[in-house]
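The block underneath contains the structure these notes are about, expressed in structure tokens.
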Amino acid sequence: MQRLSEGITYPVIQSGIEDQQIADQINRVFRKHAEKVKKTDEEYKKQYEHDQLISAAGPYYAHTLPSVLFNKECLLSVSFVDESYTGGAHGMHHETVYNFDTRSGRRFLLKDVIRSTHEEKLVNRYLKQQMEKLKKEGRYDFFLDAFKGVDLKKSQFAFNDHGIEIIFQEYEVAPYSNGIIHLKVPYHVFVDHQQ
């Protein structure tokens, strides 16, 4: 991990990818994410200097915590959980996951994995069933009506050994107290056998 400033680090790929240009390209994405958080942190600190004069709770900050969620079979999923506080009862968290093919450097979006309307419907149905089950078990307090389906261009996801994990941000489908939620979707649920 490379430290950019207090509370802001990012991973650096130093081995495991044969093509150094691809490793450098992926490393630039990680550094850019950390630099963006650092800029936000500096803006928040500046704002706090002003706001503390009117008795704002603080200090304000933006941090990020990176972690490798998956690194196997030329697929890499690296998560950045960004945390920010600008007053109020609690900070906010947002998770961004960067998914790469380490052979080509290609970045995957969800639309690259869920490739048809049929597959999307299968994933959405499976996720809804999981939410209902987990809510019934008392593990999460899902807002079942809030879930309208994944956004193939914007939804966060990560690869895992048996499929993908769809990532829901705070308040997206459940209250803040449930945090960021990862729901696993095995490939067998949505791989379109009609193709």
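Sequential numbering of the sequence shown, starting at 1, is according to UniProt numbering. Yeah, the Cβ is synthetic: ideal placement off N, Cα and C, and Gly gets one too.
Does the beta carbon of residue i come closer than 8 Å to any beta carbon on chain C?
i	result
D51	Of the protein chains in this structure there is only one, and it is not chain C.
Does the Cβ of residue i have 16 or more other Cβ atoms within 10 Å, making it buried, or fewer, making it exposed?
i	result
L76	buried
H90	exposed
P175	exposed
residue 200	With the chain represented from 1 up to 195, any question about residue 200 goes unanswered, as that position is not in the structure.
Q195	Because Q195 carries a pLDDT of 43, less than 50, the predicted location of this residue cannot be relied on, and no value is offered for it.
V185	buried
D145	exposed
E95	buried
K38	buried
V68	exposed
Y187	exposed
A57	exposed
D41	buried
E170	buried
Sort out for me which residues DSSP pairs residue i with in a bridge.
i	result
Q2	Y10
L110	Partner(s): none; L110 has no beta bridge.
Y61	Y85
V78	V68 and Y98
K184	E165
Just reading off the alpha helix (DSSP H) that residue i is part of, what are its end residues?
i	result
F190	Y187 to F190
F30	Q20 to D51
For residue i, tell me which candidate among the options has the shortest Cα-Cα distance.
i	options	result
residue 196	Y44, L69 and P66	As shown, the chain starts at 1 and ends at 195. That puts residue 196 outside it, with no answer to give.
E172	Q25, M92 and Q20	M92
R115	L152, L127, R106 and Y126	L152
K154	E18, R31 and V113	V113
I17	E137, I166 and N71	N71
G80	C74, G88, G87 and T64	Note that residue 80 is Phe in the sequence shown here, rather than Gly. Looking at the Cα atoms, T64 is the closest of the given residues.
V189	T40, S55, F159 and N124	N124
E73	H118, G179 and F159	F159
F143	L4, S5 and F168	F168
M131	R107, I181 and L110	I181
E84	T117, R103, V191 and G7	The sequence given here has Ser at residue 84, not Glu. Among T117, R103, V191 and G7, the Cα nearest to that of S84 belongs to G7.
T9	D19, E35, A23 and I26	E35
L110	Q25, V150 and S5	V150
M1	R31, Q25 and G88	R31
N27	I54, T40 and V78	V78
Specify, as a first and last residue, the run of the beta strand (DSSP E) that residue i falls within.
i	result
K135	First-last for K135: T117 to K136, but that is the alpha helix (DSSP H), not the beta strand (DSSP E).
A158	Q156 to N160
V97	M92 to D101
E165	G163 to F168
| At least three beta-carbon pairs within less than 8 Å, the segment 46-58 to the segment 3-20 | They do not touch, by the three-pair rule.
| said: Could you check whether the segment 158-169 touches the segment 96-105, counting it as contact only if at least three pairs of C-beta atoms, one from each stretch, sit closer than 8 Å? | reply: The segment 158-169, when compared against the segment 96-105, does touch it at the 8 Å Cβ threshold.
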